[in-house]
Amino acid sequence: NAGVMQNPRHLVRRRGQEARLRCSPMKGHSHVYWYRQLPEEGLKFMVYLQKENIIDESGMPKERFSAEFPKEGPSILRIQQVVRGDSAAYFCASSPELAEETQYFGPGTRLLVL
Amino acid sequence: AQKITQTQPGMFVQEKEAVTLDCTYDTSDQSYGLFWYKQPSSGEMIFLIYQGSYDEQNATEGRYSLNFQKARKSANLVISASQLGDSAMYFCAMRGFFYGNNRLAFGKGNQVVVIP
Chain A
-18 NAGVMQNPRH LVRRRGQEAR LRCSPMKGHS HVYWYRQLPE EGLKFMVYLQ KENIIDESGM
42 PKERFSAEFP KEGPSILRIQ QVVRGDSAAY FCASSPELAE ETQYFGPGTR LLVL
Chain B
9 AQKITQTQPG MFVQEKEAVT LDCTYDTSDQ SYGLFWYKQP SSGEMIFLIY QGSYDEQNAT
69 EGRYSLNFQK ARKSANLVIS ASQLGDSAMY FCAMRGFFYG NNRLAFGKGN QVVVIP
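Chains as they are written, first to last, in my numbering: chain A, -18 to 95; chain B, 9 to 124.
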């Protein structure tokens, strides 16, 4: 049973470019979460999605950031016009429909903005 | 809102010894869950153990146990018989169980280095 998959593992972008981060949840999981980890910090919640719905985006910056979890395919976290402050590790987690206590994390995407 | 506090400085632990990592939390939620995750130098986040606020017994998972003291709002992780592979950052997290809330709130982590 494959775990949460994220790609790419590392992403380098220049200021002003777009970054697209992908997350495929564990098989049978329909809840996806995105977190951001700045250097020397714990993870900070960004957004919680179910298929085709954004449930909670209270942690998302108001501008440039968006997330989706389409009916088919992976969840996408999109960062437009990246700035150096966006450099961080972005983690995706998933949980199953019924037993929602534990969130299982992917390996993360390390974004570096030059 | 939930707040997690992990304030221990980095720790060096002798192999085969036990280590306790402190975690205190603050919440107004009546029902909540507490989690510990491990982040080795490779960067992934590995789930270790879960404790529900309504659980009367402390959670255990192999060499990991959670010393849950609800009145003190603490949820310390105990790793018994440390191994070199236990060297990592350890994060305490919590989630309030109320409708619509699936956010995990994390502490800043405890660094553990196991020495032979």
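Even glycine gets a Cβ: it sits at the ideal position worked out from N, Cα and C. Source: prediction; values computed, not measured.
Of the listed residues the options, nearest to residue i (C-alpha basis)
i: residue 46 of chain A; options: A:37, A:59, A:10; result: A:59
i: residue 13 of chain A; options: A:56, A:92, A:61; result: A:56
i: residue 111 of chain B; options: A:67, A:7, A:17, A:-13; result: A:17
i: residue 85 of chain A; options: A:70, A:21, A:10; result: A:10
i: residue 88 of chain A; options: A:-5, A:21, A:15; result: A:15
i: residue 32 of chain B; options: B:124, B:122, B:120, B:113; result: B:113
i: residue 69 of chain A; options: A:90, A:33, A:41; result: A:90
i: residue 108 of chain B; options: A:-16, A:4, A:39; result: A:39
Length of the line joining the Cα atoms of residue i and residue j
i: residue 52 of chain B; j: residue 75 of chain A; result: 14 Å
i: residue 53 of chain A; j: residue 105 of chain B; result: 29 Å
i: residue 62 of chain A; j: residue -2 of chain A; result: 5 Å
i: residue 1 of chain A; j: residue 100 of chain B; result: 29 Å
i: residue 46 of chain B; j: residue 103 of chain B; result: 17 Å
i: residue 35 of chain A; j: residue 49 of chain A; result: 7 Å
i: residue 72 of chain B; j: residue 66 of chain A; result: 36 Å
i: residue 21 of chain A; j: residue 38 of chain B; result: 31 Å
i: residue 62 of chain B; j: residue -6 of chain A; result: 46 Å
i: residue 71 of chain A; j: residue -11 of chain A; result: 11 Å
i: residue 115 of chain B; j: residue 24 of chain A; result: 8 Å
i: residue 91 of chain B; j: residue 70 of chain B; result: 13 Å
First and last residue of the uninterrupted beta strand (DSSP E) at residue i
i: residue 34 of chain B; result: 32 to 34
i: residue 85 of chain B; result: 82 to 87
i: residue 59 of chain A; result: 56 to 60
i: residue 17 of chain A; result: 10 to 18
i: residue 83 of chain A; result: Here residue 83 of chain A belongs to no beta strand (DSSP E), and DSSP marks it neither H nor E.
i: residue 126 of chain B; result: With chain B covering 9 to 124 only, the question about residue 126 of chain B has no answer from this structure.
i: residue 77 of chain A; result: 69 to 77
i: residue 91 of chain A; result: 90 to 94
i: residue 28 of chain B; result: 27 to 29
i: residue 96 of chain B; result: 96 to 104
Integer Cβ distance of residue i from residue j, believed to fall under 8 Å
i: residue 95 of chain A; j: residue -8 of chain A; result: Wrong, their Cβ atoms sit about 11 Å apart, outside the cutoff.
i: residue 34 of chain B; j: residue 78 of chain B; result: With 8 Å as the limit, residue 34 of chain B and residue 78 of chain B do not qualify as a contact, their Cβ atoms being about 13 Å apart.
i: residue 42 of chain B; j: residue 16 of chain B; result: Contact doesn't hold; Cβ gap of about 17 Å is too wide.
Residue i: CB within 7 Å of a non-hydrogen atom of the ligand SAH
i: residue 16 of chain A; result: The ligand SAH is not among the ligands present in this structure, which contains no ligands whatsoever.
Inset, instruction - Output the residue ranges of the beta strand (DSSP E) runs that lie fully inside the region 27 to 54 of chain A and measure 3 residues or longer, sorted by chain position. - result: 34 to 37, 46 to 49
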